[in-house]
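Colleague: Residue numbers (the numbering used here), protein chains in the order written: chain A, 30 to 413; chain B, 1326 to 1575; chain C, 8 to 376. Dumping the structure here so I can ask a few things about it.
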Amino acid sequence: MGEGRLSLLPRAKMIEILYNIISDYTLRNVILGSAIVGIIAGSLGCFAVLRRQSLLGDAISHAALPGIALAFLLTLSKSPLILLLGAAAAGFIGTLLVLLFTHTTKTKEDAALGIILSVFFGFGIFLLTIIQKLPTSNKAGLETFLFGNASTLLQSDVRLMSLFALMIFIVLLFFWKNFKIIVFDYSFAKSIGLPVKTINIILTALLVFAIAIGLQTVGVVLMSAMVIAPAVAARQWTNSLSVMVLLAALFGAFSGISGALISSLVQKMPTGPTIVLVISAIVLFSLALAPNRGILWDMYRKKKNRKKIRLDNTLLNLFRLSKSHNDPYHAHDLKSLMAIDPTGVREAAIELEQNGLVKRAGSRWGLTKQGIEKARSLAQGGVF
Amino acid sequence: MAKKRMAVNVEDLTVAYNEKPVLWDIDMAVPKGILLAVVGPNGAGKSTLIKTILGLIKPAAGTVEIFGASYKQQQHLVGYVPQRGSVDWDFPTNALDVVMMGLYGKLGWLRRPGKEEKKLAMEALEKVGMSHFAHRQISQLSGGQQQRVFLARALVQDAMVYFMDEPFVGVDATTEKAIITLLQDLRKRGKTVIVVHHDLETLKSYYDWAMLLNVRRIALGPVKKVITPKNLEQTYGGRAPFLAAKSQND
Amino acid sequence: MLSPQAEILILAAIVAVACGLPGVFLVLRRMSLMSDAISHSILLGIVLAFFIIRDVSSPFLIIGAALVGVLTVILTELLKKTGKMKEDASIGLVFPALFSIGVILISKFAGNVHIDSDAVLLGEIGLAPFNRLLINGIDLGPVSWWIMGSVLLLNLIFIIVFYKELKLATFDSALAVSLGFSPAIIHYALMALVSITAVGAFDSVGSILVVALIIAPPSAAFLLTSRLHSMIYVSALIGIISSVSGFYLARIFDASIAGSMAMMSGIFFLAALLFAPGSGLIAKLITHRNRRYEFALSMLAVHLLAHEGTRKETEENTFTNSLIHMRWPKRFAEKVISKSVKEGLIVDDGKLLRLTDFGRSTARKVMTL
C-alpha cells in the first residue's frame, strides 16, 4: 500500500511517472480517455443541472446497461462503436419512456425516473448474467461497465471517444444560443418562432451521447456524478453560462485525469469511485470558498449586514429618544436603549463613537451633529 | 375588409385541458394602437388566452389572426413578456444577455449576436432605466428590475403588438410607474399593447380598453363603457362588490 | 423441510412486500428518488458498521447502516438549503460520493469484508438457503427470513400505528402542522424505515434493484387504485407477483434472480400504465374519444348561441363555418351535427343551424361551468 501516497513521492519518482505518462501506452489512453469523459460530461451536465434534470443523467446511464448487453448479444462483437450505439439507443429509449409515463398518466417524474433507472438496470443485469454463461470466448469485460475501468481503454476506444466528443462539441457550438434560450425561457423561445421541440431533442441526444461515451471509464452506476458535480462546482465561480461550461469541462477533465491516474497507479482503486471522490472534493471546496457565492462569503456578508443593522438601530434609537426631549443632542444612559433591544448596544455605541456619530459624556451617550444627519437620512429611508 | 385593420383578431377560441374548457368561444377584435387590459378572477383563463394567441397552447377550436394573417406568419410583429415567475432567475447570465434573447428570432438559427445586437439591447435597457445594471447577474436584481429587463427584451423585438403577462406583479411603485409610462408611450407610437392585469383600481387611469374575462368573454371595449357594475358582477360573481360600488362612484 | 427453491421464493416475496410498504408513501410524497440515494449510501454504512461490529448478521449492523441512510437525507437537505443548487442536484451529489467511499473501502479491504462489488449490485438471494439460523441445533430456516421478516413486521407496525399521521403528512402537511403533528418527524421516521428496509434487502437484491421493488409496485398500484389503503394492498400483491414471476423467469434463463425480479416489477408497472381502468393509457384513449364528441356537441351549441340573432348569424352558424372555426375534419363535423340533431340540440334546415330551446339551455348550462 506504500505506493498509494502520491504526495510523499520523491522527485525522481515523480519524473518517472511523468515520463511513463507520456511514453506508456496504457497511461496515455487512460489520461486522454478520462479527460474526454470529464470535458464532455461536465459541459453537457451544465444544461442538465440548469434545467433541473440532474437525475435524468442517472436514469440515462443506468438505462444504457441493457443497451450495451443487447448490442453484444445481437452482434457478439465488443466493438466499441457498437456498444456505444447500443448504450445511447437504450439511454434515449429510457428518456422517452420517462416522458411517456409522466405526460400520459398521473405518474410523477421522480417515480418515472426511479422505475426506468432500476428496471432497465435489472434488465441489464439479467442480460449480463446470461452473457456470462454463453460459450463464446470474448464475453469477458462487459462487467467493467458497472464501475468503469480506465485502464481497459484501448487506443481505438480513445479515438472513437474523441470523434464523438468532437461531434458533440461542434453541435454544442452550433446550437449554443438556442440551447441557452430554451433552458432559460422555453415559452419565450417558442413565441419567437424557434423550433423548440427539435432543439430540445438535440440537447437531450447530446446528453445521452455524453453519458454513453463515459460509461467504460466511469461506469453506469456513478456516471451521473460526472454530469452533476462539475456543473454545480462551476456554477459557484461564475455568473456566465459560457464560463460555467468551460469551468465544468475543466473540473470534469481534472477529476477524470487525476481519478484515473490514481486508480491506475494505486492497487485496488476502482476508477469510477475515485473520480467521483475527486470531483466531490472540488464541489465541497467550491461550495464553501468560491467568492460571492461561497458559503463562507455568505456568512461574512450576513455578519457584516447584521452589524450594520445593529449600528443603524442604535443610532436611530438614540435619535428617537432625544426627539422626545426637544433637544437632538440630549444624552442618554445606554440602559434605556437596552430596554428596547439588549444585544450589543455597548459595542455598537463604542463603534459609533469611533465613527464620530456619537459622543460620550460620563455614563451618558448623545448624538453628534453628524450622527443626527445620518439618523435623519436613515429615518427618511423608511427602512426601520 | 374590417378585419384587416385589427391588430389582433380572435374568433370562437375554445381551449380545453382534458376536455374541460378553460376558455369558451372567445371572440376578441383589438384595433391597432390601443392599450388593453385583460382582467378577471384567478382561473379565468387570462394567461391561457395570451399563451394561446402566441401559439404556446393549442386551442380546441377557433382562429387567431395578427394583422390579418396567422401567428406563424406574423410572429416577427409580436413581442412577449412572460410572467416573471416562469423562469429561473438563478440562471448564470446578465441583464444585457437576457435582453439580447429578444433578437434571437431575427438572428436565425446559427448567427451569434454581435455589436449591432449589443447596441440595440443597451438602448432598450436605457429606455427602461436599467443601463447601469446591464452586466449585473439577473438573480441580483430586485423583482421590479427583473421585470424591467423582461420589458427591455420585448422592446428589442421591435414589435407591432405586445403581449404582457402580469407585468405589475411583485414590482415596486417606481417600477410600476415606469412600466405604465412605457406602455403608454408604446401606444402613442401606434403599437398595440395587451396586458394581463390584476388591479381593478388602476384600470381606468392606465388603460384605454379593457376585456373582462371569466372563461367566457364578458365584455370588451373602451374602459369607461366596459367597467360597469353589472359586467363586474358577471365577471367576479359576488366577489368584488366593493370594487363594483367604487367604480360606480368614480 | 422446504426445498431451497421454495425458501428463496418465500424470501423474495417477503423482500418485495417489505419494500413496497414504505415505497407507497415515498411515491405519494414524490420522494421516490430518495430510495435510490439511500440504497446506495447505506453501502458505506454497512462497511463502516462491519469494521466496528465484525458480524454481518448482527442487528446492530443494520441499525448502524441505516443511520448512514438517514445521514444521506440530512446531507441532501443541507445542500439544498444552501440555496446554491436545486433539490435534484443535491440528491445527485450526496449519494455517489458516499457510495464511492463504500466501494473503495470494500475494494481495498476485500479480504476483511464479506462483500464484493458484484454482490453490492446484484445481491445474493440464491445463496440465502445456505446461511441458516440454528438455535440449539434446531434449524429455523434461512437467516434472511428472520432479518427480512423483522423488517417487514417493523414496517407493518409503523404503518398501522401511524397510519393517520402518515396520511395527513402526505396529503396535507399544513393541516398536519396545525393539528400538532410534526411532518418533519414523520418524514425522518419514514426515511429511517426506508434505510432499514434497504439494508435488510441489500443482501438479497443489491443496492440498485431494491429501488425497483420500492418504487415500481407502489407506482403501479397508484395507477390502479384511488384510495390509500387499497394502494398498499395492491402494491404488496404486485410486489409478490413480480418477485415470484421474476424467480421463475431467472430459472428459465439461468440468469440473475434480483435482475429478473426488477424486470418483472417494471413489466407489471407497464401493464398497469396501459390497462389500468380509468387512468390507464387505453382507458384514457377511449374516454378521450367519447368525451371528444360530448365536448364537440357542447362547443357547437355554445358557438351557435353566441352568434344567434347577431348580424353575422347567417355567416357564422352554418355547416361550413363550423368546419373552419372548430378545425374539425369534414366527417367529424358531419357526425357532430347529426348527433346534435338526434339529441334535439339543433335543427338543420339545410342552410342554417338553429338551436332548439333544449340546445339553448344546454349551451347556457355548459358555459356557466
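From the three backbone atoms N, C-alpha and C, an ideal C-beta is built for every residue, glycine too. Quick caveat, the model's predicted, so the values are computed rather than measured.
Mind reading off the beta-carbon distance from Leu-1348 of chain B to Leu-1381 of chain B? Whole number of angstroms is fine, and I expect it under 8 angstroms.
Modeller: Contact doesn't hold; Cβ gap of about 13 angstroms is too wide.
Colleague: Sorted by chain position, which residues of the same chain lie with C-beta nearer than 6 angstroms to Ser-353 of chain A's C-beta, five sequence neighbours on each side aside?
Modeller: Once the five neighbours on either side are set aside, Ser-353 of chain A has no close Cβ partner at all.
Colleague: Between the region 304 to 317 of chain A and the region 76 to 93 of chain A, do at least 3 Cβ pairs fall closer than 8 angstroms?
Modeller: Not touching, per the Cβ criterion.
Colleague: Which two residues bound the contiguous alpha helix (DSSP H) that contains Asp-139 of chain A?
Modeller: First-last of the alpha helix (DSSP H) with Asp-139 of chain A: 138 to 161.
Colleague: Is there a Cβ of chain B sitting closer than 7 angstroms to that of Phe-413 of chain A, yes or no?
Modeller: The pLDDT assigned to Phe-413 of chain A is 36, lower than 50, so where the model puts this residue is not dependable, and the model offers no usable value.
Colleague: Between the Cα of Ser-242 of chain C and the Cα atoms of C:Phe-275, C:Val-201, C:Ala-228, C:Tyr-255, which residue gives the shortest distance?
Modeller: With distances taken between Cα atoms, Ser-242 of chain C lies closest to C:Ala-228.
Colleague: Anyone know if the C-beta pair for Gly-213 of chain C and Leu-112 of chain C falls short of 7 angstroms?
Modeller: For Gly-213 of chain C and Leu-112 of chain C, no; Cβs fall outside 7 angstroms.
Colleague: Strictly below 9 angstroms CB to CB, what residues from chain C border Thr-246 of chain A?
Modeller: None at all; the shortest Cβ gap to chain C is about 14 angstroms.
Colleague: With DSSP as the reference, label Ala-360 of chain A as helix, strand or coil.
Modeller: In the structure shown, Ala-360 of chain A sits in coil (DSSP, three-state: anything other than H, G, I, E or B).
Colleague: Could you name the residues of chain A that Thr-89 of chain C contacts, counting a contact when the two beta carbons are closer than 7 angstroms?
Modeller: Chain A residues near Thr-89 of chain C: Leu-316, Ile-324.
Colleague: Return no unless some Cβ of chain C is closer than 7 angstroms to the Cβ of Pro-1566 of chain B.
Modeller: Here Pro-1566 of chain B scores only 45 on pLDDT, less than 50, and its place in the model is too uncertain to base an answer on.
Colleague: Tell me the rounded alpha-carbon separation between Gly-1515 of chain B and Leu-1338 of chain B.
Modeller: Roughly 26 angstroms separates the two Cα atoms.
Colleague: Determine which residues share a DSSP beta bridge with Ala-1544 of chain B and list them.
Modeller: For Ala-1544 of chain B, which the question treats as bridged, DSSP gives the partners B:Leu-1537.
Colleague: Within 10 angstroms of its Cβ, does Ile-369 of chain A collect 16 or more other Cβ (buried), or is it exposed?
Modeller: It counts as exposed.
Colleague: Could you work out which residues of chain C lie near Ala-1354 of chain B, taking near to mean beta carbons separated by less than 8 angstroms?
Modeller: In chain order: nothing, as chain C lies at least about 12 angstroms away.
Colleague: Consult DSSP for Ile-1391 of chain B and reduce its assignment to one of helix, strand or coil.
Modeller: Looking at Ile-1391 of chain B - three-state DSSP - the assignment turns out to be strand.
Colleague: Relative to chain B, which residues along the region 267 to 288 of chain A have a C-beta separation below 7 angstroms, given in chain order?
Modeller: Listed by position along the chain: Thr-267, Asn-268, Ser-269, Leu-270, Met-273.
Colleague: What is the DSSP secondary structure of Glu-14 of chain C, reduced to helix, strand or coil?
Modeller: In the structure shown, Glu-14 of chain C sits in a helix (DSSP, three-state: H, G or I).
Colleague: Do you know whose CA, among A:Lys-333, A:Ala-408, A:Trp-394, lies nearest Ala-10 of chain A's CA?
Modeller: Because chain A spans 30 through 413 in this model, residue 10 of chain A falls outside it and cannot be assessed.
Colleague: When the distance is taken between beta carbons, is Pro-1407 of chain B closer than 7 angstroms to Val-1340 of chain B?
Modeller: Contact flag unset, no.
Colleague: Roughly how far, in whole angstroms, is the beta-carbon of Gly-27 of chain C from the beta-carbon of Pro-225 of chain C, given that I think they are within contact range, below 8 angstroms?
Modeller: So it is a contact: roughly 6 angstroms between Cβ atoms.
Colleague: Between Ala-194 of chain A and Ile-69 of chain A, how many whole angstroms is the CB-CB distance? I'm expecting something under 8 angstroms.
Modeller: That belief holds up - the Cβ atoms of Ala-194 of chain A and Ile-69 of chain A are roughly 5 angstroms apart, short of 8 angstroms.
Colleague: Answer yes if the region 101 to 115 of chain A comes into contact with the region 186 to 203 of chain C, meaning at least three C-beta pairs across the two stretches below 8 angstroms, and no otherwise.
Modeller: Short answer: they don't touch.
Colleague: In angstroms, rounded to a whole number, what distance separates the CA positions of Thr-233 of chain A and Phe-283 of chain A?
Modeller: Computed Cα separation, rounded: 25 angstroms.
Colleague: With DSSP as the reference, label Val-150 of chain C as helix, strand or coil.
Modeller: Here Val-150 of chain C sits in helix by DSSP.
Colleague: Exposed or buried, what is Ser-97 of chain C when buried is set at 16 or more other beta-carbons lying within 10 Å of its beta-carbon?
Modeller: That one is buried.
Colleague: Using a cut-off of 9 angstroms between C-beta atoms, extract the partners of Lys-331 of chain A located in chain C.
Modeller: By Cβ distance, chain C contributes nothing, its closest Cβ being about 12 angstroms from Lys-331 of chain A, past 9 angstroms.
Colleague: In chain B, what lies closer than 9 angstroms to Arg-349 of chain A by C-beta?
Modeller: Going along chain B, no residue has its Cβ under 9 angstroms from Arg-349 of chain A, so there is no contact; the nearest lies around 26 angstroms.
Colleague: Is Asp-356 of chain C helix, strand or coil by DSSP?
Modeller: Correct three-state label for Asp-356 of chain C: coil.
Colleague: Are the beta-carbon atoms of Leu-381 of chain A and Val-387 of chain A separated by less than 7 angstroms?
Modeller: Against a cut-off of 7 angstroms, the Cβ pair of Val-387 of chain A and Leu-381 of chain A comes out as a contact.
Colleague: To test your reading of the DSSP string, which unbroken alpha helix (DSSP H) runs of 4 or more residues are found completely within the region 64 to 151 of chain C?
Modeller: List check, alpha helix (DSSP H) in window: 66 to 88, 94 to 115, 124 to 129.
Colleague: Is the shortest distance between the beta-carbon of Val-1496 of chain B and the beta-carbons of chain A less than 7 angstroms?
Modeller: No - not a single Cβ of chain A is within 7 angstroms of the one on Val-1496 of chain B.
Colleague: Do the CB positions of Met-270 of chain C and Gly-151 of chain A come within less than 7 angstroms of each other?
Modeller: The answer is yes: Cβ separation under 7 angstroms.
Colleague: Spatial neighbours of Ile-242 of chain A within its chain, please: CB distance less than 6 angstroms, with the 5 preceding and 5 following residues excluded, ordered by chain position.
Modeller: Result list for Ile-242 of chain A: Met-190, Phe-193, in chain order.
Colleague: Just checking: is the beta-carbon of Glu-1344 of chain B within a distance shorter than 7 angstroms of some beta-carbon in chain C?
Modeller: It does; some Cβ of chain C falls within 7 angstroms.
Colleague: Going straight from the alpha carbon of Phe-238 of chain A to that of Ser-185 of chain A, what length do you get?
Modeller: Looking at the two C-alpha atoms, the distance is approximately 18 angstroms.
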